[in-house]
Each structure stands twice: as structure tokens, then as C-alpha cells.
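Residue numbers (the numbering used here): 7 to 69.
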């Protein structure tokens with residue numbers, strides 16, 4: 007029974023390790039996506055400020 011329990015525990019440890027690895031990959035993917043979204047939003051705000059001549063993002067500048 008001890009050997010069986012050791013195998014079960016080892017299997018659980020392996021599964022947890024795989025989940026942690028895939029979670030790290032998912033976090034990295036989400037961080038990259040957030041960075042790209044922020045860049046796009048910044049470009050969009052710049053275009054809108056130039057088009058309408060108003061300070062949309064509150065930085066005190068237009069464009």
C-alpha cells in the first residue's frame with residue numbers, strides 16, 4: 007500500500023507542476039496582450055486628440 011500511495015502522490019505532484027507551468031505561460035500571454043492593448047489605446051487616443059483638438063487623456067497636451 008505504501009508504494010501505491012507514493013505513486014499517487016508523485017502523480018499529483020507532476021500534475022501540479024504541469025498546471026503551474028501552463029499557468030505561467032498563460033500569465034505571460036496575458037501580460038503581452040495587455041501591453042499590445044495599451045499601445046493600441048495610446049495610439050488611438052493620440053489620433054483622436056489630433057482629430058478633435060482636445061486633451062482626452064488628461065495629460066495636458068493634445069496629441
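By construction, the Cβ of each residue, glycine as well, lies at the ideal position given by its N, Cα and C atoms.
Inset, instruction - Measure the alpha-carbon distance for residue 42 versus residue 16 and round it to whole angstroms. - result: 39 Å
Legend entry - Rounded straight-line distance, which links the Cα of residue 69 to that of residue 61: 8 Å
Inset, instruction - Excluding the 5 residues preceding and the 5 following residue 51 in the sequence, name in chain order all residues of the same chain whose CB lies nearer than 7 Å to its CB. - result: 62, 63
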